[in-house]
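Colleague: Dropping the structure in here first, questions after.
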Amino acid sequence: MVIDQTVKPDEKKPVPKDLELPLSEGEEKRRIKFLTKEILDRIGYGLSSQQFLNILFVQSGASLFLVGLINGLKVIVSVIVSYILNQVQLSVRINRILMSIVGLFFGVSIFTLTIAIHKKSTTLFIISFVIATIIAVLYGTLYQDWFRENLEMRKRGFFLSRISYYGLAITGFSMLVGAALADRFSDSNRLAFELFGQSLRLAGYAVVLIIAAVIFMVGAFLLLMINEKSSKKTQGKPIVMITAETWKEFTSNKVLFVLFISSAIISIVQTLATAYYGIFIYKHFSDTAFGGFMNVAVIFIIALLTSIIGPIITQFNVRAYGKFPMLVFGTMLIAIGPITYWYNPNLLSISAAMFLSTIGSAICGVSFGLLTIELIREDLKESYTQLSNVLTLIPYLIFIPIGAYIAQVHGMSILFLILSATLVATVVPLYMYIIWAYNARKQKI
Amino acid sequence: MKIRLYGNKRGLSPLIATVILIALAVSLGAVVMNLSAGFLGGNKQLSDQKECTGMKLIFHDLNGPQVTFSGAGASGSLGFVVNHVGTEPIPQLRLIVIGSKDGQTTTFVSDLDSSITEPGIPLSKQIAYDYEVYGNPNQVEVVPLANRGTKKLACLGGEAKYIVQ
């Protein structure tokens with residue numbers, strides 16, 4: 002997906018029905034507009050799924066090396082843009098206008114991506130993709146802030162307050178529709194129709210991406226129609242700076258440092274694996290089961306829906322087993338994903354592996370969050386998050402090209418094997434070290 | 021009365037918990053990695069073999085599939101043109117002809133020499149076929165053969181199939 006859609010473990014819980022505030026007629030209309038915009042966005046994410054884009058990028062002539070690079074670049078650009086955004090404060094009014102313009106540009110960038118794939122131009126694809134990523138981060142961050150300011154939790158109603166959950170179902174469903182269209186109207190069996198007296202023949206994927214682009218543009222336009230809450234100007238979030246104190250805390254705390262290294266390795270492994278999963282499924286199972294794009298959609302919907310239950314499972318088990326043992330467990334579960342693609346690539350085993358791998362990611366995510374709360378002073382928490390995000394860019398710049406090169410020269414299967422082996426051989430021992438170091442630190446205190 | 025789910029307040033030691041969870045993860049991994057796709061039906065699970073991925077044959081279509089029978093008796097022959105529509109090169113092909121002779125079903129199997137097939141390049145072959153021994157052909161299959169170590173692996177599911185009318 003251009004914007005990753007997962008349920009964040011720290012997301013606020015929906016408000017119970019009896020605590021919801023009554024809405025005036027105007028407020029009800031605003032809520033409906035917000036809801037429509039959210040639904041449109043989720044449909045757009047499903048149609049322009051990252052997995053589909055990766056497959057189409059390869060089909061348009063890109064090498065596997067380039068696919069790996071562009072997926073790594075996406076993460077790097079996202080981190081840089083969110084860091085810059087954090088340093089710039091924007092008033093709410095500017096946010097709203099900017100958001101609509103940014104949203105429109107996002108739709109345009111999806112449209113140029115479609116042209117790039119259609120014309121088989123890798124250069125245009127890369128440029129459009131980077132622009133789309135920058136815009137996606139801008140759009141996502143600004144919109145979320147504005148949404149929070151303009152529709153308080155107790156006025157969101159049942160559906161909107163649970164949109165992160167229902168949104169996944171909408172995204173999943175639109176992924177299925179997109180895959181069905183892309184499979185039904187392949188390059189050799191294009192959809193023929195007439196528009197303004199001209200007969201056009203478009204491949205299914207082009208239709209899907211054009212619909213996504215239009216949906217994003219309509220969503221952005223809808224923002225202009227939502228009246229702002231009041232004339233009162235609220236200030237944005239405070240600027241978070243990486244201070245010398247944070248750096249000192251980071252370098253002096255061994256547990257924190259090792260935790261950072263292991264989380265960086267997990268993050269790189271997941272970025273590389275996710276970059277190639279869709280292409281692998283598409284390439285190897287185009288004649289099996291649902292065929293082509295549909296197999297990819299089905300498997301990624303399993304992962305999408307699993308991300309809902311993952312955090313719930315984790316929260317129960319963290320209490321019983323402890324955070325560090327759960328980190329080891331989560332890492333091992335993540336490693337099951339890539340190794341299954343290497344050892345026994347069939348749709349059933351891959352689906353089950355994706356299920357476990359997603360639960361593993363959730364376990365690691367929740368445990369990391371809980372550990373950060375425990376290990377870092379409250380006032381340094383945000384600053385530490387910024388610091389670790391920025392520092393992660395260094396290993397990204399080194400290891401993503403290496404991983405992409407392995408995929409290109411030795412094939413995706415070998416890369417999957419190496420990724421799993423990396424997790425088991427480096428991250429698990431690191432956690433064992435943390436368990437030892439953490440216990441030693443506790444005893445010292 | 022309050023029932024406590026976790027009786028021991030102190031809980032597990034981190035090391036024991038880690039060992040238990042590693043064992044659980046390894047067993048889950050072993051189960052998942054050995055799941056097969058048999059439920060998907062037909063021979064398709066066999067084409068999911070790792071070595072067979074990207075191997076798919078079809079008979080070349082030129083006013084019908086390009087399978088021809090010529091000659092008679094012991095000097096008969098069978099010709100075909102196959103297209104490789106997969107993505108990986110096929111090391112060798114196997115020809116299987118199911119025939120009938122005097123009411124009995126016969127099977128002719130031949131692993132073809134010099135039959136390395138590259139994706140997108142049609143391969144044409146003419147094979148000797150003894151009508152006196154194998155009778156009239158009812159079905160012709162060309163199956164991709166992959167290598168697994170020193171063994172040959174028939175990639176069923178990726179074969180080209182022709183039923184004689």
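As given, the protein sequences belong to chains W and Y, one line each in that order.
Every number in this note's numbering is 1 more than the matching position in the first sequence, counting from 1.
Every number in this note's numbering is 20 more than the matching position in the second sequence, counting from 1.
All residues carry an ideal CB built from backbone N, CA and C; glycine is no exception.
Keep in mind that this is a model prediction, so the values were computed, not measured.
#1: Taking the Cβ atom as the reference point for each residue, do Leu98 of chain Y and Phe89 of chain Y lie within a distance shorter than 8 Å?
#2: Alpha carbon to alpha carbon, what distance is there between Leu371 of chain W and Asn254 of chain W?
#3: In whole angstroms, what is the alpha-carbon distance linking Ile303 of chain W and Ser134 of chain Y?
#4: List the residues of chain W that Val102 of chain Y touches, going by C-beta distances under 7 Å, in chain order.
#5: Just grab the DSSP bridge partners of His104 of chain Y for me.
#6: What residue from W:Leu105, W:Ile269, W:Ala133 has the CA that sits closest to Pro402 of chain W's CA?
#7: In the DSSP assignment, find the unbroken alpha helix (DSSP H) run with Ile243 of chain W in it and report its ends.
#8: In this structure, how does DSSP classify Phe258 of chain W when only helix, strand and coil are distinguished?
#9: Of all Cβ atoms in chain W, is any one closer than 8 Å to the Cβ of Met53 of chain Y?
#10: Just to make sure I have the definition right: I need the residues of chain W whose C-beta is within less than 7 Å of the C-beta of Ile78 of chain Y. Which are they?
#11: Compute the Euclidean distance between the alpha carbons of Leu139 of chain W and Asn440 of chain W, then round it to the nearest angstrom.
#12: Could you tell me whether the region 64-82 of chain W touches the region 304-314 of chain W, where touching means 3 or more Cβ pairs closer than 8 Å?
#13: Kindly indicate the opening and closing residues of the beta strand (DSSP E) around Ser61 of chain W.
#14: Can you list the residues of chain W that Ile42 of chain Y reaches, using a CB-CB cut of under 9 Å?
#15: Starting from Arg168 of chain Y and walking both ways along the beta strand (DSSP E), at which residues does that stretch end?
#16: Under 8 Å between C-beta atoms, does Ser56 of chain Y make it to chain W?
#17: Assuming Lys145 of chain Y contacts Glu161 of chain Y under a Cβ cut-off of 8 Å, what Cβ separation, rounded to an integer in Å, is found between them?
#18: Kindly indicate which three-state DSSP category Ser122 of chain W falls into: helix, strand or coil?
#19: In this structure, does DSSP put Ala290 of chain W in helix, strand or coil?
#20: Does the beta carbon of Pro34 of chain Y sit closer than 8 Å to a beta carbon anywhere in chain W?
#21: Within 10 angstroms of its Cβ, does Val329 of chain W collect 16 or more other Cβ (buried), or is it exposed?
#22: Per DSSP, what are the beta-bridge partners of Leu143 of chain Y in this structure?
#23: So does the region 207-227 of chain W actually touch the region 95-105 of chain W, counting three or more Cβ pairs closer than 8 Å?
#24: Pop quiz: Ser358 of chain W and Met176 of chain W are said to be a contact at Cβ under 8 Å. What is the actual Cβ separation, rounded to whole angstroms?
#25: Could you give the first and the last residue of the continuous alpha helix (DSSP H) run that contains Tyr406 of chain W?
#26: Would you verify that the beta carbon of Ala180 of chain Y is, or is not, closer than 8 Å to some beta carbon of chain W?
#27: Let's see if you can read the secondary structure: which residues bound the alpha helix (DSSP H) around Tyr344 of chain W?
#28: Under a three-way DSSP split, which group does Ile110 of chain Y fall into?
#29: Quick one: what's got a C-beta closer than 8 Å to Lys457 of chain W's C-beta in the same chain, skipping five residues either side?
#30: Starting from Arg202 of chain W, follow the beta strand (DSSP E) in both directions and report where the run begins and ends.
#31: Indicate whether the contact test is met: 3 or more Cβ pairs, each with one atom in the region 417-434 of chain W and one in the region 310-324 of chain W, closer than 8 Å.
#32: At which residues does the alpha helix (DSSP H) containing Thr359 of chain W begin and terminate?
#33: Does DSSP put Leu55 of chain Y in a helix, in a strand, or in coil?
#34: How would you list, in chain order, the residues of chain Y whose beta-carbon sits under 9 Å from the beta-carbon of His411 of chain W?
#35: Determine the chain Y residues that contact Asn440 of chain W at a beta-carbon separation under 8 Å, and present them in chain order.
#36: Against chain Y, with Cβ distances strictly below 8 Å, would Ala276 of chain W count as a contact?
Modeller: So, from the data block:
#1: yes
#2: 16 Å
#3: 44 Å
#4: Chain W residues near Val102 of chain Y: none, gap ~16 Å exceeds 7 Å.
#5: Y:Leu77
#6: W:Ile269
#7: Per DSSP, Ile243 of chain W belongs to no alpha helix (DSSP H) and is neither H nor E.
#8: helix
#9: yes
#10: Residues of chain W passing the Cβ test: none, with the nearest at roughly 11 Å.
#11: 42 Å
#12: no
#13: First-last for Ser61 of chain W: undefined, no H or E at that position.
#14: Pro326, Val329, Phe330, Met333, Val429
#15: 156-168
#16: yes
#17: Actually they are not in contact, since the Cβ atoms of Lys145 of chain Y and Glu161 of chain Y sit about 13 Å apart, beyond 8 Å.
#18: coil
#19: coil
#20: yes
#21: buried
#22: Y:Val102
#23: yes
#24: Their Cβ separation, rounded to whole angstroms, is 18 Å, which puts Ser358 of chain W and Met176 of chain W out of contact at 8 Å.
#25: 382-411
#26: no
#27: 324-344
#28: strand
#29: Here chain W covers residues 2 to 446 and nothing more, so residue 457 of chain W does not appear.
#30: 199-203
#31: no
#32: 348-376
#33: coil
#34: Under the 9 Å cutoff, chain Y gives no residues; its nearest Cβ is about 14 Å from His411 of chain W.
#35: Pro34
#36: no
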